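Peer 1: Here's a structure for you.
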Amino acid sequence: MRLTFIAYHHSPVGWLKITATDSALTKISFVRRGAASQHNPIIQHVISQLEEYFTGTRPSFDIPLAFAGTAFQEKIWRAIKKIPYGKTWSYQKLTQKIGHKNAYRAAGNATGKNPLCTIIPCHRVITSNGKLGGFSGSLKTKKSLLELEGFNKLI
1 MRLTFIAYHH SPVGWLKITA TDSALTKISF VRRGAASQHN PIIQHVISQL EEYFTGTRPS
61 FDIPLAFAGT AFQEKIWRAI KKIPYGKTWS YQKLTQKIGH KNAYRAAGNA TGKNPLCTII
121 PCHRVITSNG KLGGFSGSLK TKKSLLELEG FNKLI
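In UniProt numbering, the protein residues as written are 1 to 155.
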């Protein structure tokens, strides 16, 4: 049986719930408030890197990840991980990158099920007309994350 550790971290965009095993990060989600936390070395590493990210000194993360989804979802999440800091891709570009050029709606659904917000930067995926689109955290949070990264070309 694998131990699961849960910690809460207050970030500049709100509370994050961080879930990890003894070997990998498994989930980060936005929550309304924090609670008692169980830290382990992975969670400490995640919090340290998140703090660097939120101060603008870390453009990417080097954390062991363990996520589970459908084959399509995992393909989308891996592609999203490749979007450079401060840049955005449209859902159209995202689907082209994975070889499913007309699967915009499925890509949107997969993006919405991203288990590792911020680490897999789904906030960098916007609509082809330059609008924010959706975001599991809130559109205000998505805009804040993009602005933190220096992206300010939103319509």
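Glycine included, each C-beta is placed from N, C-alpha and C at the ideal position.
Please read these numbers as outputs of a predicted model, since none were measured by experiment.
(1) Taking DSSP as the reference, what is the three-state secondary structure of T55?
(2) Give the single residue among S11, A66, Q73 and P84 whose Cα lies nearest to the Cα of Q49.
(3) Exposed or buried, what is R32 when buried is set at 16 or more other beta-carbons lying within 10 Å of its beta-carbon?
(4) Nearest by alpha-carbon distance to K131: which of Y91, T111 and T95 is it?
(5) Please list, in chain order, all residues of the same chain as H39 whose beta carbon is under 6 Å from its beta carbon, the five residues on each side excluded.
(6) Tell me which residue opens and which closes the beta strand (DSSP E) that F30 is part of.
(7) How big is the Cα-Cα spacing for T95 and T88?
(8) When we look at the beta-carbon of T19 and count the other beta-carbons within 10 Å, is it buried (16 or more) or exposed?
(9) Are there 16 or more other CB atoms within 10 angstroms of the CB of K82, so buried, or fewer, so exposed?
(10) Three or more C-beta pairs under 8 Å: does that hold for the segment 98-107 against the segment 14-29?
(11) When you compare each of S37, L25, S29 and E74 to H45 by their alpha carbons, which one comes out closest?
(12) Can you list the alpha helix (DSSP H) stretches of 4 or more residues lying completely in the segment 45-102, in chain order?
Peer 2: In short:
(1) The residue labelled residue 55 in the question sits at position 55 within the sequence shown. Of the three classes helix, strand and coil, the one that applies to T55 here is coil, per DSSP.
(2) Your numbering for residue 49 matches position 49 in the sequence shown. Out of S11, A66, Q73 and P84, S11 has the C-alpha closest to the C-alpha of Q49.
(3) Position 32 of the sequence shown, counted from the start, is the residue given in the question as residue 32. Answer is exposed; the Cβ neighbour count stays below 16.
(4) Here the question's residue 131 lines up with position 131 in the sequence shown. Measuring from the Cα of K131, the nearest candidate turns out to be Y91.
(5) Working through the sequence shown from its first residue, we reach residue 39 at position 39. Here the set comprises A7.
(6) Position 30 of the sequence shown, counted from the start, is the residue given in the question as residue 30. Unbroken beta strand (DSSP E) run through F30: L25 to V31.
(7) Counting from one through the sequence shown, the residue named residue 95 turns up at place 95. Counting from one through the sequence shown, the residue named residue 88 turns up at place 88. If you take the alpha carbons of T95 and T88, they lie about 13 Å apart.
(8) Here residue 19 is taken as the residue at index 19 of the sequence shown, counted from 1. By the 10 Å Cβ count, T19 comes out buried.
(9) Here residue 82 refers to the residue found at position 82 of the sequence shown. Exposed is the call here.
(10) no
(11) Position 45 of the sequence shown, counted from the first residue, corresponds to residue 45. Of S37, L25, S29 and E74, the residue nearest in Cα terms is L25.
(12) 71-81 and 91-97
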